[in-house]
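Residue numbers (the numbering used here): 1228 to 1277.
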């Protein structure tokens, strides 16, 4: 499964950047964000219709 991770501005919550990663990468990204107090929004990535 793939997830879209959006980094949010710490002041007003606007989107700073966004990336799509596999499930194995989510844990590492969340840990790094927690260390520096970064806000994230994580949701399942949309998959193209087959």
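All residues carry an ideal CB built from backbone N, CA and C; glycine is no exception.
With 16 other Cβ atoms within 10 Å as the buried cut-off, status of residue 1232
buried
Going by the beta-carbon positions, is the gap between residue 1228 and residue 1260 smaller than 8 Å?
no
Taking residue 1238 as the reference, which of 1267, 1274, 1273 and 1271 has the closest Cα?
That would be 1267, whose Cα lies nearest to the Cα of residue 1238.
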